[in-house]
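Below is one structure, written out as structure tokens, with a few remarks after it.
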Amino acid sequence: MIRRILSIAANTFRETIRNKILYAILAFALFVIGMTFFLADLSVGDFARIIADVGLASIHIFGVIMAVFLGINLVSNEVDRKTIHIILSKPVRRSEFIFGKTLGLSVTLLLTTLAMAAVLFLVHLSYQYGGRAEIGIFIASAGIYMELVLLTCLASLFSTFTTPVLSAIFTLSLFLVGHLTKYLYVLGEQSKAAAVRWGSRFLFFLLPNLENFNWKNEVAYGGLKSFSILGWAAGYLAAYAACVLCLSCLLFARKDFK
Amino acid sequence: MTHERPILSIEGLSKSYPTGFWRKPVRVLSDLSCEVRENEIVGFLGPNGAGKTTTIKILNRLAFPDAGKVTLFGGRVRDGADVRRRIGFMPEQPYFYEYLTGGEFLRLCGQLCGMSRTEMESRSSELLSRVGLSGARDTAIRKYSKGMMQRLGLAQALLHDPELVILDEPMSGLDPMGRMEVRGIIRDLKAAGKTVFFSSHILSDVEALCDRVIMLHKGRKVAEGRVEELIGAETLHIELVVSPVLPADRLAAAGIPPEAGYAHGALLVLRAPDNGQANRWIAALLREGCMVISCVPMKKGLEEIFMERVGVSVATGTAS
Chain L
0 MIRRILSIAA NTFRETIRNK ILYAILAFAL FVIGMTFFLA DLSVGDFARI
50 IADVGLASIH IFGVIMAVFL GINLVSNEVD RKTIHIILSK PVRRSEFIFG
100 KTLGLSVTLL LTTLAMAAVL FLVHLSYQYG GRAEIGIFIA SAGIYMELVL
150 LTCLASLFST FTTPVLSAIF TLSLFLVGHL TKYLYVLGEQ SKAAAVRWGS
200 RFLFFLLPNL ENFNWKNEVA YGGLKSFSIL GWAAGYLAAY AACVLCLSCL
250 LFARKDFK
Chain V
0 MTHERPILSI EGLSKSYPTG FWRKPVRVLS DLSCEVRENE IVGFLGPNGA
50 GKTTTIKILN RLAFPDAGKV TLFGGRVRDG ADVRRRIGFM PEQPYFYEYL
100 TGGEFLRLCG QLCGMSRTEM ESRSSELLSR VGLSGARDTA IRKYSKGMMQ
150 RLGLAQALLH DPELVILDEP MSGLDPMGRM EVRGIIRDLK AAGKTVFFSS
200 HILSDVEALC DRVIMLHKGR KVAEGRVEEL IGAETLHIEL VVSPVLPADR
250 LAAAGIPPEA GYAHGALLVL RAPDNGQANR WIAALLREGC MVISCVPMKK
300 GLEEIFMERV GVSVATGTAS
């Protein structure tokens, strides 16, 4: 089972790293991150903070673009191009296929996020006015990466039953909502109606809370120094991703391929 | 013992596809039952939309039936990896990962089938050479022609040395040479003790290769049987070839209706409706000084049988 998942993951990794659009997005992302070096000169105040702030936001935005763009096509491309016919006729369970595809894309996103984080780290380090080795960049990038993995799982869930365009809309909607769920909870708690309070609590626990992975501000203001913060986020990611992947497998298990 | 044990058994298979939220589903298979026995080559015949590909997809878990049961090697089709490992499948117009080379794709298939690296390498080389693709092993699949894709599809289906090979339109897109090679491969599989179940539109290939055929029309089985039984059951007419060509008035005088024959160069070809008539015509022609070149009973081919069965089923309203 593990070997089959790894084979599918390796093939998905190969597929994504041979995708020219990925390189175009990555090149543009690296260019923008590199440009923060000059951007800091135009700003007033803590130049290193500007670099970290804008750089991490760039990693986040371009990472989401990559995750959504690749994630929505993860399964639907295989179905549309009928390559799935040969793969599933082999001794491969459909759940293994879903896990393998998601794992493969997660590895690609790991490498792209690492590349972007490394460039930002070097820019930050080399900045002449107050530049310092900011390890927090890698911690915040790890948080962004975990968010991207969760978005990949959500995109692959949608791609098992709908078109790429709708998958993109659903995933991006969850991305936006996922950063606002705590406000949903706070607003719900202020209501006098019990149904609204329970409804908002239910949605708070049902929807992904992507703020669990967001440490960009802490890094920008120099308040994040320890990797230990990753533990809780990794646990949340593992639990939520497992639920989403199980749902994907359930929906995919009885799908007819025309 | 060959030809005895059913390897594949289909019982009462029905399948409909939804066509939209408000529309009625389209039924593509209705109560299909058939068997494939060990070491047989079985042809699955039918026009477009007959339900052949849907049946083959159900066998490979790519679609699920509304009703009915499929048993492979004595186990239900949903059963896991052990059963799948014994089956090789080539879909109609196979699609591959275009960013891979032919060799890389076969390696992926081998890994998914649980083959060891050495076994994979030796089988890949052997099969690529067998299907005429050894020179294209390191060529990206996006550069393959349609015929090359078809050959690669066949190679991946046979890579793990399956006992049952299911091929959906294996001759499609191949030139005459390619078709001949595929026919040779199918015959070799049978000689090696394998079982082959394939669908095709090309009736001459089916007639030449198959032990048995199953004919499908509008989702229903219209005929099933051994090829020699189906095509040998009835004689269409007796074809007589004589020389020289007699004029119409002499034929009529000899008791042979002139419209029963036609001239083909220096030869006269006559179609007698049965053996008795043929004997009477031969005697009359010999009296007229003709020489009988040949006398051949013409049997129905699969094509005639297929058209007849499809026509009957439509006329009697048995087809949906």
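Chains as they are written, first to last, in numbering that gives the first Met the number 0: chain L, 0 to 257; chain V, 0 to 319.
Think of the CB as a built atom: it goes at the ideal place given N, C-alpha and C, for glycine as much as any other residue.
For this session: Whole angstroms is fine: what's the gap from residue 111 (chain V)'s alpha carbon to residue 51 (chain V)'s?
Result: 26 Å
Problem set entry | Every unbroken beta strand (DSSP E) inside the region 185 to 256 of chain L [3 residues or more] | none
Exercise. What are the boundary residues of the alpha helix (DSSP H) that residue 71 (chain L) is part of?
Worked result: 46 to 71
For this session: Consult DSSP for residue 132 (chain V) and reduce its assignment to one of helix, strand or coil.
Result: coil
Exercise. Do you know how far the Cα of residue 100 (chain L) is from the Cα of residue 2 (chain L)?
Worked result: 13 Å
Exercise. Alpha carbon to alpha carbon, how far is residue 73 (chain L) from residue 114 (chain L)?
Worked result: 22 Å
Problem set entry | Close beta carbons around residue 91 (chain V), own chain, < 7 Å, minus the five adjacent residues each side | 52, 167, 168 and 171
Exercise. Does the beta carbon of residue 275 (chain V) come closer than 8 Å to any beta carbon on chain L?
Worked result: no
Exercise. Quick check: the region 225 to 245 of chain V against the region 257 to 271 of chain V, are there 3 or more CB pairs under 8 Å?
Worked result: yes
Exercise. How many Å lie between residue 85 (chain L) and residue 232 (chain L) at the Cα?
Worked result: 38 Å
Problem set entry | Within-8 Å CB hit, residue 188 (chain V) to chain L | no
Problem set entry | Span separating the alpha-carbon of residue 196 (chain L) from that of residue 143 (chain L) | 30 Å
Exercise. In its own chain, which residues sit with a C-beta less than 8 Å from the C-beta of residue 24 (chain V), not counting the 5 before and 5 after it?
Worked result: 15, 16, 17 and 18
Exercise. Residues in its own chain within less than 8 Å of residue 161 (chain V) by CB, not counting five upstream and five downstream?
Worked result: 84, 85, 86, 87 and 193
Exercise. Is the distance from the Cβ of residue 165 (chain L) to the Cβ of residue 157 (chain L) below 8 Å?
Worked result: yes
Exercise. How would you list, in chain order, the residues of chain V whose beta-carbon sits under 7 Å from the beta-carbon of residue 87 (chain L)?
Worked result: 60 and 61
Exercise. What are the uninterrupted segments assigned as alpha helix (DSSP H) that are 4 or more residues long and contained completely in the region 125 to 178 of chain L, given in chain order?
Worked result: 135 to 158 and 163 to 177
Exercise. Got a sec: which bits of the region 112 to 124 of chain V sit with their beta carbon under 9 Å from any beta carbon on chain L, in order along the chain?
Worked result: 112 and 113
Exercise. Quick one: what's got a C-beta closer than 7 Å to residue 1 (chain V)'s C-beta in the same chain, skipping five residues either side?
Worked result: Bear in mind that the predicted position of residue 1 (chain V) carries a pLDDT of just 49, short of 50, making it too unreliable to give a figure here.
Exercise. Any Cβ of chain L within less than 8 Å of the Cβ of residue 247 (chain V)?
Worked result: no
Problem set entry | Close Cβ partners of residue 68 (chain V) (< 6 Å) along its chain, the five nearest in sequence each way excluded | 10
Exercise. Which residue's Cα is closest to the Cα of residue 218 (chain V): V:54, V:153 and V:21?
Worked result: V:54
Exercise. In the structure shown, what three-state DSSP assignment does residue 26 (chain L) receive?
Worked result: helix
Exercise. Shortest alpha-carbon distance to residue 148 (chain V) belongs to which of V:93, V:136 and V:175?
Worked result: V:93
For this session: Would you check if there are 3 or more beta carbon pairs closer than 8 Å linking the region 104 to 114 of chain L to the region 115 to 133 of chain V?
Result: no
Exercise. List, in order along the chain, the chain V residues whose C-beta lies closer than 9 Å to that of residue 163 (chain L)?
Worked result: What residue 163 (chain L) touches in chain V: nothing, since even the nearest Cβ is about 18 Å away.
Exercise. Residue 95 (chain V) versus chain L: which residues are under 7 Å apart at the beta carbon?
Worked result: 82
Exercise. Is the region 230 to 249 of chain L touching the region 190 to 206 of chain V, taking contact as three or more C-beta pairs under 8 Å?
Worked result: no
For this session: Compare the C-alpha of residue 121 (chain L) against each of L:9, L:236, L:54 and L:201 and name the closest.
Result: L:54
For this session: Would you check if the region 300 to 311 of chain V and the region 202 to 209 of chain V touch, i.e. whether three or more CB-CB distances between them fall below 8 Å?
Result: yes
For this session: Consult DSSP for residue 143 (chain V) and reduce its assignment to one of helix, strand or coil.
Result: coil
Exercise. Do you know how far the Cα of residue 59 (chain V) is from the Cα of residue 165 (chain V)?
Worked result: 9 Å
Problem set entry | Any C-beta of chain V under 8 Å from that of residue 133 (chain L) | no
Problem set entry | Given 8 Å, three or more beta-carbon pairs between the region 203 to 218 of chain L and the region 133 to 147 of chain L | yes
Exercise. Can you tell me the Cα-Cα spacing of residue 17 (chain L) and residue 185 (chain L), whole angstroms?
Worked result: 45 Å
Problem set entry | Strand pairing of residue 266 (chain V), partner residues [DSSP] | V:263
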